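Undergrad: At the far end of the sequence shown sits residue 849, using our numbering, and the numbering has no gaps.
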Amino acid sequence: FPLVGLGVGNLQHDRIVAQVMESIKYGTRLIDTAHASSNEHLIRQGILEGLSMLDLGLDREIHVVTKVWYTYLGYERTKIAVREILEKLGHPNIRVHILVHWPRCRNDIPWMECEEEENNLPQVVKDAGPAPHLDKGNAFKESWRALEDIFLGDVSLGDNLSKPESIGVSNFALDDLKALEETARVTPHILQDNVWNYVFHPYLITYCREHDIHFQAYNVMNGIFSRSESSPTALNHLSTVSSELVGRAEAHILNNEVNIHQLILKWLIQSHVSVIPRTSSTQHVQHNSASVLMLLPDLTDNEITSVDQCVKVMLKQEDLDQPLATFHNKHHDTLHIFWSNEDGEEFLVKEELKPGEKFHTKTYPGHTFIAYDKSREGKKTFTVGVAYGEEEEFHIE
């Protein structure tokens, strides 16, 4: 299953074909959408024209993830949605993955209009089964039973329709997954969920790993960067890590740079989380493509920890706490503390630190300080070795 894809669920219909073609040109083999977006026929067109443009014929498979909307929850309603999906996407080059989009319509989400959406459904869908918002605890289980029957070949939707490549769920909480497990014959192959839940719900991620459920993250760019002005230190630190990646890259990197958005995507795919960034920019399609991201060197363990710290505060619209360095003068002489920059220039930060006294200062990982004695003939150099949010004490003897 590809780790890098393109999300087109809410993209304007007149741009979808060109965007899909562009993404295929740069090696993308995964497209994400939703049945409610009514664009699966355009995705199919973009895939076939993209493959034709590259003269690939049947040599490349493109994976499409799409989802059954919550108004189609229930056994018979889900069969209708899946039939429509397979009719629009059916082709030997296209591998279709079908997810249950939501376990239920929720009254606590303002944009979900459960009764209004139900009333606006085609009559054939209404006649197929009861309104799912009136049976929120079981309708998604019936949908899963339908997906299982279709995936296992127990139910045929038509002689010319192929089975889904895999089935899964989206926006399911841990309790929903456990409820599904009680009766499921097939464990979901995929959980598509908000990047927030990947970062802050470790029990959910542990459950997925224990049950071999692949995690696919959405809302990555908007969720992390939409209020980045609240996190200037974290943003700056991501830029620093991005520059470090460029310095280690052996292969050619686009424009000899790695931007912070690419860094975040690399951080996720290195953890085997697939990503489906949405964009209306053809340039971003290239920058976020599999062919570019796979050129980036792997992050070190320290870089992974740093990015994780940055993402956590940025999702909460907070910022990193700078490391706190404490200098404890255990020398018999009065000391002077200087900060030294990368060019070797020194700047006084504490004058006359007397014996026994302590001096505290906020700093940055990797910063260098120099302690001089009163005559400036003796000196000791100290480098901050802790990460953001941590403290370090230097004893000057």
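The beta carbon of each residue, even a glycine, is placed where N, CA and C say it ideally should be. Please read all numbers here as calculations on a predicted model, not as lab measurements.
How far does the alpha helix (DSSP H) with G498 in it reach, from first residue to last?
TA: Numbered from 1 along the sequence shown, position 46 holds the residue referred to as residue 498. Element bounds for G498: 492-505.
Undergrad: I need the boundaries of the beta strand (DSSP E) containing V838, first residue and last residue.
TA: Here residue 838 is taken as the residue at index 386 of the sequence shown, counted from 1. Element bounds for V838: n/a, residue is neither H nor E.
Undergrad: In chain order, what residues of the same chain lie with their CB nearer than 7 Å to the CB of T813, ignoring the 5 residues before and after it?
TA: Translated into positions along the sequence shown, residue 813 becomes position 361. Closer than 7 Å at the Cβ level, and outside the excluded window around T813, lie A777, V801.
Undergrad: When we look at the beta-carbon of L586 and count the other beta-carbons within 10 Å, is it buried (16 or more) or exposed?
TA: Locating residue 586 in the sequence shown gives position 134, counting from the first residue. Burial call: exposed.
Undergrad: So, are the CB atoms of T480 and P454 less than 9 Å apart?
TA: Position 28 of the sequence shown holds residue 480. Position 2 of the sequence shown holds residue 454. In this structure, P454 lies closer than 9 Å to T480 by Cβ.
Undergrad: Run through DSSP, which three-state label would Y659 get?
TA: In the sequence shown, the residue the question calls residue 659 occupies position 207. If DSSP states are grouped into helix, strand and coil, Y659 belongs with the helices.
Undergrad: Taking DSSP as the reference, what is the three-state secondary structure of S694?
TA: For this step, residue 694 is matched to residue 242 along the sequence shown. Looking at S694 - three-state DSSP - the assignment turns out to be helix.
Undergrad: Am I right that L482 and I716 are in contact with their C-beta atoms under 8 Å? What's the rounded C-beta distance?
TA: Mapped onto the sequence shown, residue 482 falls at position 30. Mapped onto the sequence shown, residue 716 falls at position 264. So it is not a contact: roughly 17 Å between Cβ atoms.
Undergrad: Mapping DSSP to helix, strand and coil, what is A669?
TA: If you number the sequence shown from 1, residue 669 lands on position 217. In this structure, A669 counts as strand in the three-state DSSP scheme.
Undergrad: Can you tell me where the alpha helix (DSSP H) holding Y527 begins and where it ends?
TA: Numbered from 1 along the sequence shown, position 75 holds the residue referred to as residue 527. That run of the alpha helix (DSSP H) goes 527-541.
Undergrad: Among residues of its own chain, excluding the 5 on either side of V765, which ones have a beta-carbon nearer than 7 Å to its beta-carbon?
TA: As a working note, residue 765 is residue 313 in the sequence shown. Only S683, A686, D771, L772 meet the Cβ criterion.
Undergrad: Would you tell me roughly how many angstroms separate the C-alpha atoms of T523 and A701, rounded to the nearest one?
TA: Within the sequence shown, numbered from 1, the residue matching residue 523 stands at position 71. Within the sequence shown, numbered from 1, the residue matching residue 701 stands at position 249. Between T523 and A701, the C-alpha separation is close to 48 Å.
Undergrad: The alpha helix (DSSP H) spanning I602 covers which residue range?
TA: For the purposes of this step, residue 602 is identified with residue 150 of the sequence shown, where counting begins at 1. Residues 591-604.
Undergrad: Under 9 Å, do F790 and I756 count as touching if we go by C-beta distance?
TA: As a first step, residue 790 must be located in the sequence shown, where it is residue number 338. As a first step, residue 756 must be located in the sequence shown, where it is residue number 304. Taking 9 Å as the Cβ cut-off, F790 and I756 do not qualify as a contacting pair.
Undergrad: Beta-carbon within less than 7 Å of T635's beta-carbon, same chain only, minus the 5 sequence neighbours each way: which residues are those?
TA: For the purposes of this step, residue 635 is taken as the residue at position 183 of the sequence shown. Counting only Cβ-Cβ distances below 7 Å, and skipping sequence neighbours, we find K593.
Undergrad: Look at V517 and H549 and say whether their C-beta atoms are less than 9 Å apart.
TA: In the sequence shown, counting from the first residue as 1, residue 517 sits at position 65. In the sequence shown, counting from the first residue as 1, residue 549 sits at position 97. Contact flag set, yes.
Undergrad: Would you kindly report the start and end of the unbroken alpha helix (DSSP H) that includes Y650?
TA: Position 198 of the sequence shown, counted from the first residue, corresponds to residue 650. Residues 647-652.
Undergrad: Which class does F677 belong to by DSSP, given the choice of helix, strand or coil?
TA: Counting from 1 along the sequence shown, the entry for residue 677 is found at position 225. DSSP places F677 in helix when its eight states are reduced to three.
Undergrad: Applying the 10 Å Cβ sphere with the 16-neighbour rule, what's the burial state of M673?
TA: The residue labelled residue 673 in the question sits at position 221 within the sequence shown. Flag for M673 reads buried.
Undergrad: What are the residues that DSSP puts in a beta bridge with Q644?
TA: One-based indexing of the sequence shown puts residue 644 at position 192. Per DSSP, S622, Q668.
Undergrad: By how many angstroms is the C-alpha of V621 removed from the C-alpha of Q735?
TA: Mapped onto the sequence shown, residue 735 falls at position 283. Mapped onto the sequence shown, residue 621 falls at position 169. Approximately 31 Å, taken between the alpha carbons.
Undergrad: Who are the near neighbours of L632 in its chain, counting only those whose CB is closer than 8 Å to its CB and skipping five residues on each side?
TA: To locate residue 632, count along the sequence shown from 1; it is residue 180. F592, K593, W596, V621, F624, P640.
Undergrad: Taking a contact to mean a Cβ-Cβ separation below 9 Å, would you say L697 touches P616 in this structure?
TA: Position 245 of the sequence shown holds residue 697. Position 164 of the sequence shown holds residue 616. Cβ atoms of L697 and P616: not closer than 9 Å.
Undergrad: S743 by DSSP, collapsed to three states: which one?
TA: On the sequence shown, position 291 is the one that residue 743 refers to. It is helical.
Undergrad: In the DSSP assignment, what residue or residues form a beta bridge with K814?
TA: Here the question's residue 814 lines up with position 362 in the sequence shown. DSSP, once it has assigned bridges, lists L776 as partnering K814.
Undergrad: With DSSP run on the structure shown, which of helix, strand or coil describes K588?
TA: By one-based count along the sequence shown, residue 588 stands at place 136. Correct three-state label for K588: coil.
Undergrad: Reducing DSSP to helix, strand and coil, say where D795 ends up.
TA: Residue numbering aside, residue 795 sits at position 343 when the sequence shown is read from its first letter. Three-state DSSP puts D795 in coil, outside helix and strand.
Undergrad: Less than 9 Å separating the beta-carbons of H780 and K826?
TA: In the sequence shown, counting from the first residue as 1, residue 780 sits at position 328. In the sequence shown, counting from the first residue as 1, residue 826 sits at position 374. Not a contact, by the Cβ cut-off of 9 Å.
Undergrad: Do you know whose CA, among S475, N491, K806, lies nearest L463's CA?
TA: Your numbering for residue 463 matches position 11 in the sequence shown. Taking only the C-alpha atoms, the option nearest L463 is N491.
Undergrad: If you draw a straight line from the alpha carbon of N571 to that of W554, how long is it in whole angstroms?
TA: On the sequence shown, position 119 is the one that residue 571 refers to. On the sequence shown, position 102 is the one that residue 554 refers to. Roughly 19 Å between the two C-alpha positions.
Undergrad: In whole angstroms, what is the alpha-carbon distance linking L720 and E829?
TA: Within the sequence shown, residue 720 is the residue found at index 268, counting from 1. Within the sequence shown, residue 829 is the residue found at index 377, counting from 1. Each residue's alpha carbon lies about 50 Å from the other.
Undergrad: Kindly indicate the opening and closing residues of the beta strand (DSSP E) around R547.
TA: Position 95 of the sequence shown, counting from 1, holds the residue named residue 547. Per DSSP, R547 belongs to the beta strand (DSSP E) from 546-552.
Undergrad: Under the rule that 16 or more other beta-carbon atoms within 10 Å means buried, what is L745, buried or exposed?
TA: By 1-based counting over the sequence shown, the position of residue 745 is 293. L745 is buried by the Cβ-count criterion.
Undergrad: In the DSSP assignment, what residue or residues form a beta bridge with Y824?
TA: Translated into positions along the sequence shown, residue 824 becomes position 372. Paired residue(s): H788, K831.
Undergrad: Short check: CB of L656 to CB of L626, under 9 Å?
TA: Taking the sequence shown and counting its residues from 1, one reaches residue 656 at position 204. Taking the sequence shown and counting its residues from 1, one reaches residue 626 at position 174. Yes, these two residues count as a Cβ contact at 9 Å.
Undergrad: Identify whether L717 lies in helix, strand or coil by the three-state DSSP scheme.
TA: Sequence index remark: in the sequence shown, residue 717 carries index 265 (1-based). Three-state DSSP puts L717 in a helix.
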